[in-house]
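Per the UniProt record's numbering, the very first residue in the sequence shown carries number 1; after that it's consecutive. C-beta atoms are modelled at their ideal positions from N, C-alpha and C, and glycine is treated no differently. These figures come from a predicted structure and were not determined experimentally. Below is one structure; the comments refer to it alone.
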Amino acid sequence: MPRRKAADRTGQVKTRSRSGCRECRASRVRCDTKKPACTRCLEKGLPCSTNLVLKWESEFVSRGMAFGRAGVWSKSRTDASPASGSSASSPAFSVDDMREWCALPAIHPWAFINSGMATFENPDQIDLALNEQLALVPIRNHDAVSVAGDALADHSAFGFYSIRNLGGLATALNPGPTPALSLFPGISEIGHTELFDYYLRQVCPRTTASSTLSSPFASVILPFSVSASPTLFKAIQSLAACHWARRDPSYSTLGLRLKSETLRDLRRRLSYEGSATCCTDPEVLLVMMMLCLYEILDKCDEHWTIHLKGAKDLIRLRRQRVDAVFDPVTTFAEHFFAFQDVMGRTACGEEVLFGSDYWKTDDQHIDLWMGCSPELVAILSSITELSRARRQLQSSNSSSLFSVRAASLEHQLEYLIQEVGEGDDDILASVAEAKRLAALLYLHCALYGASPTTPLVVNYVHQILRLVSDLLERGSMASVMWPVFVAAVELDPSRDELWSGPDGQPVSGRSVVLQALASMADSTISNIARTRAVIIQAWQARDQDLLKPPQMELNDWEKYVAPISTSMSLA
């Protein structure tokens, strides 16, 4: 039936609805827009759906097109209204006249520290999974790398990506362990020889800050491994698999299986031979050391302290023997566990298992793995013990004795000399100096109750982060987790801008800390996720307390750091 002419129509003209469904608009008929289905689609049994098209005014303006109908087109337009035609021909002119664009400040990746209900309900608990999702890490030299089909168009020195989306990129940038001709043909019977090679080429270099000397994880352990049992090789392979699992999760299952087999062999030997016999074999301590590192890399919870306490018992039994012989392997293993204990206890303030008697107070030579001298570690152990004694001061005599001991430790740190040894390794010397400054900062906070607003603390934090920033630019972040942690938790939230960069822009202290942690996530054998979560938790607590009156019942370290730092590994 032909449509009636306009002159024959009666009543108001029914135009098509702009919000009609897709079927009615395709057939060019009027839609009554009923929900969930219009009448026409319901009668004809058609699927009734509405297309939602988003249009952006800026896009239309950039193309010289009118956005919408306002001031451009009208059904009641007459020939006597030429203004509408002129506006239609140049819509961008009127839009630009009505707008005034403001200059936007530079927006950096480290922008927000998120807080949720759990932050206020459980301030002493840390959600590591959420922290991993929100964390960003820098990736160098990522030109022409594709992640999930999306090319990375940014060609700057750093690109920032979420840790949870880093798996594909990490695999592309760093190929995994490949089968190679091993230096120890005997381990071919165990299988997975590529993991042992990965330990040599990737794990060992990440355990020392020295750029010239080999790590003791290679120079001490490898010669001993020539005559070791398969249990030690399994322990080493489990550590290598756990480390690579951070990039390729498929290795986590293999690492867990190798760790379980190592634990089974170790328990069988301890139950069969007894602790009195096993304490004389350095291999037992090495196996426990690898298991301890595995737990630190995996979750860094209380499980790694179980191996620490077990090693303490074996070392105590060994030292009680008259015929005990201290070989390089045993000495290195003892220093490993003692150093892990001392550095971890500085955060939580708990009683140390390995006291100052495990360290030579006159040894000023910088250890390649520890990144500082044994004398500095002995002083740190004494500071932690004195901090615990401070809480129990009751008399004036004990307070005077405390002040004398604290002043003596401060004097030792101020005039401490740490020798690099062979060669001129300025990176190792910078790491040792950062730890000395961090020890002074820790002493003033733990013993004297200094806070981030104390001028002395501000000065030490500035010096430490300066050294960390220099090391970050040089691409060497091994063995600096403890100085970064101490400086980070004592940052003044109201004075975060520390110095000006080469471009004149202020450098944020929190930005330096987060960039250092992101770099350490790939260049160290540590659990950076736990450290970063504790630091962010301390920042959140300080930010929330900015408007609260000061409370004097606890010193600053005991209030903000110790409650959330249990079972941390900061070595």
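Alpha carbon to alpha carbon, how far is residue j from residue i? Give it in angstroms, no decimals.
i, j, result
"Asp249", "Trp539", "First, the residue type needs correcting, since residue 249 is Pro and not Asp in the sequence shown. Answer to the nearest angstrom: the Cα atoms are 31 angstroms apart."
"Ala487", "Lys435", "10 angstroms"
"Ser399", "Ile221", "46 angstroms"
"Ile366", "Val458", "27 angstroms"
"Met568", "Val342", "11 angstroms"
"Ser214", "Asp545", "46 angstroms"
"Ile236", "Ala103", "55 angstroms"
"Ala88", "Arg30", "Residue confidence is low: Ala88 scores 44 on pLDDT, short of 50, so the model does not pin down where it sits. No coordinate-derived value is stated."
"Ser86", "Met65", "Caution is warranted here: a pLDDT of 43 is assigned to Ser86, below 50, making its placement in the model unreliable, and the coordinate value is therefore given only provisionally. If I take the Cα positions, the gap works out to 13 angstroms."
"Leu232", "Ser225", "8 angstroms"
"Cys38", "Val53", "20 angstroms"
"Ser356", "Gly504", "46 angstroms"
"Thr212", "Ser62", "58 angstroms"
"Gly20", "Lys44", "16 angstroms"
"Leu440", "Lys55", "60 angstroms"
"Glu194", "Arg201", "10 angstroms"
"Leu263", "Met288", "9 angstroms"
"His142", "Tyr251", "Below a pLDDT of 50, predicted positions are generally treated as unreliable, and His142, at 36, falls in that range; no measurement from the model is reported."
"Arg321", "Ser476", "42 angstroms"
"Gln463", "Glu433", "10 angstroms"
"Asp417", "Asp362", "Residue identity check: residue 417 is Ile in the sequence provided, not Asp. Their backbone Cα atoms lie some 10 angstroms apart in a straight line."
"Ala516", "Leu467", "11 angstroms"
"Arg269", "Arg530", "33 angstroms"
"Ala333", "Lys548", "47 angstroms"
"Lys35", "Leu42", "10 angstroms"
"Gly349", "Glu100", "57 angstroms"
"Leu465", "Pro493", "15 angstroms"
"Cys300", "Met520", "16 angstroms"
"Ala218", "Tyr460", "34 angstroms"
Buried or exposed for residue i, please, with buried defined as at least 16 other CB atoms from any protein chain shown within 10 angstroms of its CB.
i, result
"Cys278", "buried"
"Asn51", "exposed"
"Val404", "exposed"
"Ser387", "buried"
"Ser408", "exposed"
"Asp522", "buried"
"Ala153", "Legend: pLDDT at Ala153 = 34, less than 50; position of this residue unreliable, value from coordinates given subsequently. The residue is exposed, with fewer than 16 neighbouring Cβ atoms inside 10 Å."
"His307", "buried"
"Trp304", "buried"
"Leu514", "buried"
"residue 572", "Summary: the structure shown does not reach residue 572, with the chain confined to residues 1 through 571, and so no result is reported for it."
Tell me which residue opens and which closes the beta strand (DSSP E) that residue i is part of.
i, result
"Val507", "506-508"
"Leu498", "497-500"
Output needed for residue i: all residues of its chain with C-beta closer than 8 angstroms, excluding positions within five of it in sequence on either side, in chain order.
i, result
"Leu297", "Leu239, Cys242, His243, Arg246, Ile525, Ser526, Asn527"
"Arg18", "none"
"Met370", "His335, Phe339, Val377, Ser479, Ala571"
"Asp556", "Cys445, Gly449, Ala450, Ser451, Pro452, Glu490"
"Arg318", "Cys279, Thr280, Ala324, Thr330"
"Arg474", "Ile427"
"Asp470", "Ser430"
"Gly310", "Met288"
With a threshold of 7 angstroms on Cβ separation, who are the neighbours of residue i within its own chain once the five nearest residues in sequence on each side are excluded?
i, result
"Gly421", "His365, Ile366"
"Pro506", "Glu497, Ser500"
"Tyr560", "Val489, Ala538, Ala541, Arg542"
"Leu393", "Ser399, Phe402"
"Glu351", "Arg388"
"Ser565", "Ala347, Cys348, Val534"
"Arg267", "none"
Go to residue i, then tell me how far its alpha helix (DSSP H) extends in each direction, as first and last residue.
i, result
"Asp265", "250-273"
"Gln463", "455-474"
"Ser225", "221-225"
"Trp359", "First-last for Trp359: undefined, no H or E at that position."
"residue 647", "The question about residue 647 has no answer, for the chain in this structure spans 1 to 571."
"residue 575", "Lying outside 1 to 571, the shown extent of the chain, residue 575 is not represented and no answer is given."
"Ile427", "426-447"
"residue 575", "Lying before the first or after the last residue shown, residue 575 is absent from the chain, which here runs from 1 to 571."
So, at 6 angstroms on beta carbons, what are the nonlocal neighbours of residue i in its own chain, with the 5 sequence-adjacent residues on each side left out?
i, result
"Phe60", "Phe67"
"Leu46", "Glu23"
Quick test of the definition: if touching needs 3 or more C-beta pairs under 8 angstroms, does the segment 526-535 touch the segment 247-261?
no
Between the segment 324-343 and the segment 202-211, can you find at least three pairs of beta-carbon atoms closer than 8 angstroms?
As far as the Cβ criterion goes, the segment 202-211 does not touch the segment 324-343, which means the pair count is below three.
Assess, as a yes-or-no matter, whether the segment 440-457 is touched by the segment 382-394 under the definition of 3 or more beta carbon pairs within less than 8 angstroms.
yes
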